[in-house]
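A.B. asks: Residues 416 to 750 (the numbering used here) make up the sequence shown, in order.
Note that CB positions come from ideal geometry on N, CA and C, so glycine has one too.
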Amino acid sequence: MQVVDYPEGPVRPEHFEVVEVDVADPGPGQVLVRNTWTSVDPGLRLRLRPSAPVGYFSSFRPGTAMDGILTVGQVIESRAPGFEPGNTVWHSYGWREHAVVDASEQAMNGIGDLRVLDVDNVAPSWYLGPLGAIGLTAYSGLSVAGALEHGETVWVSAAAGAVGSLATQIATRLGHRVIASAGSAEKVAWLVDELGVADAFDHREELPAVALPRLAPGGLDVYFDNVGGDHLAAALDNLRMFGRVALCGSVSDYESEPRVPRNLFLATAKHLTLTGFRGSLHLDLLPEMQRRVGGWLRDGSITYRETVYEGLAQAPRALADLLAGRTLGKTLVRL
Ligand SMILES: NC(=O)c1ccc[n+]([C@@H]2O[C@H](COP(=O)([O-])OP(=O)(O)OC[C@H]3O[C@@H](n4cnc5c(N)ncnc54)[C@H](OP(=O)(O)O)[C@@H]3O)[C@@H](O)[C@H]2O)c1
């Protein structure tokens, strides 16, 4: 898959095209992988422009294959020690059916390095969700950026999405009171009935500025921000003194002009801590996260959903649907 044109406004399938090329033979130190699952993430939208945000993954170049997207597949041929045909692996050469991957290459801050996965009793696609970068983002966001203490009140936005649905459940599992927001009645019902959040609201029906004083009259301790814009502004209004914000993403800005909260001075007034973070820069927490989150998934104390699109040609539609709020849980393409 490659980009034809950068979108102005919403992403549409016409901005991409599938291109057929010969698959190269792997050279020394390389493996050939048949990709089986590839990830669809809001952050891809930040790379569909001439310059991605400084410090972020680089922009996709029109007419060039889209590198730097997490993907799972099976090794077909290996010329790299430690990798055998039949191994299930993850790597960063997504949105394509086959990839020749250099086993020694560092990719996506290390989270995209070629890695053999343990798929005994684990669905391989989970490594693109709770047992991979998504789980690491939720886990590190709560523990490092959110610095959760004991029995706190936490608001998670975009809570029915990939990161949000894990963050809500991890925080609930750790004994915090979680308020969740999402963009439809169906999503809100899932959050309350199945994920067990304390309260939830539909941000398309009730503005966060109205819902938060209703659901957290005593104020918030932590806001896990997936949305930015009006959501972040409402959090600043409703956080208690010394509250924290884990700045995970600002998806409401990705297809439009960024909107900076006009009440930012409240961060000073209330001595708040706003911490931006990247899951991929907390690789040290990956084994701990996989052990804990994997255990909670196995014992049923947390749950996980996927929205799956079939075939590479559907990847652009999957991205458009994700950004428009039409997916639930982790959005994936089965290749
Ligand atoms: N820091 C990191 O390392 C890192 C890593 C991965 C992802 N992220 C960020 O985490 C956030 C969630 O990513 P994800 O992969 O889990 O995606 P996701 O939540 O599965 O999908 C994005 C969701 O954002 C919501 N949304 C879109 N536009 C919105 C708007 N204007 N207002 C409110 N909600 C809106 C939609 O849900 P509704 O229907 O509920 O509106 C949509 O389902 C994104 O900001 C992403 O960039 C950060």
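Using only CA atoms, which one of Val531, Gly424, Phe475 lies nearest to Ala495?
C.D. replies: The shortest Cα separation from Ala495 among Val531, Gly424, Phe475 belongs to Val531.
A.B. asks: How many Å lie between Asn536 and Glu672 at the Cα?
C.D. replies: Their backbone Cα atoms lie some 44 Å apart in a straight line.
A.B. asks: Got a sec? Which residues, its chain only, sit under 8 Å from Gly633 by beta carbon, not counting five neighbours each side?
C.D. replies: Once the five neighbours on either side are set aside, the close Cβ partners of Gly633 are Thr568, Arg655.
A.B. asks: According to the neighbour-count rule (16 or more other Cβ atoms, all chains shown, within 10 Å of its Cβ), is Thr552 buried or exposed?
C.D. replies: Buried, since its Cβ has 16 or more Cβ neighbours within 10 Å.
A.B. asks: My output table needs one value for Phe692: the three-state DSSP class, helix, strand or coil.
C.D. replies: It is coil, neither helix nor strand.
A.B. asks: Of all the alpha helix (DSSP H) runs that stay within the bounds of the region 505-587, which reach a length of 4 or more residues?
C.D. replies: 548-555, all fully within the region 505-587.
A.B. asks: Tell me which same chain residues have a C-beta within less than 8 Å of the C-beta of Pro477, skipping the five on either side of it?
C.D. replies: Contacts found: Gln417, Val418, Val419, Asp420, Tyr421.
A.B. asks: For a test of your reading of the model: does the CB of Thr552 fall under 6 Å from any non-hydrogen atom of ligand 1? Yes or no.
C.D. replies: Yes - ligand 1 has a heavy atom lying nearer than 6 Å to the Cβ of Thr552.
A.B. asks: In angstroms, rounded to a whole number, what distance separates the CA positions of Thr683 and Val748?
C.D. replies: Their backbone Cα atoms lie some 43 Å apart in a straight line.
A.B. asks: DSSP puts Asp617 in a beta bridge; with which residues?
C.D. replies: Paired residue(s): Ala597.
A.B. asks: Under the three-state reduction of DSSP, which class applies to Ala480: helix, strand or coil?
C.D. replies: Ala480: strand per DSSP, three-state reduction.
A.B. asks: Check whether the Cβ of Ser667 lies closer than 6 Å to any heavy atom of ligand 1, and answer yes or no.
C.D. replies: Checking the Cβ of Ser667 against ligand 1 gives yes.
A.B. asks: Measuring from the CB of Arg460, is there a heavy atom of ligand 1 at a distance below 6 Å?
C.D. replies: For ligand 1, not one heavy atom lies less than 6 Å from the Cβ of Arg460.
A.B. asks: Is the beta carbon of Gly527 less than 7 Å from the beta carbon of Leu485?
C.D. replies: Against a cut-off of 7 Å, the Cβ pair of Leu485 and Gly527 comes out as a contact.
A.B. asks: Identify whether Val448 lies in helix, strand or coil by the three-state DSSP scheme.
C.D. replies: Here Val448 sits in strand by DSSP.
A.B. asks: Could you have a look at Arg464 and say whether DSSP puts it in helix, strand or coil?
C.D. replies: Correct three-state label for Arg464: coil.
A.B. asks: Looking at ligand 1, does it come within less than 6 Å of Asp617, judged from the CB to the closest heavy atom?
C.D. replies: Because no heavy atom of ligand 1 lies under 6 Å away, the Cβ of Asp617 does not count as near it: no.
A.B. asks: First and last residue of the alpha helix (DSSP H) that includes Val625?
C.D. replies: It spans 623-630 - the alpha helix (DSSP H) in which Val625 sits, taken as one unbroken run.
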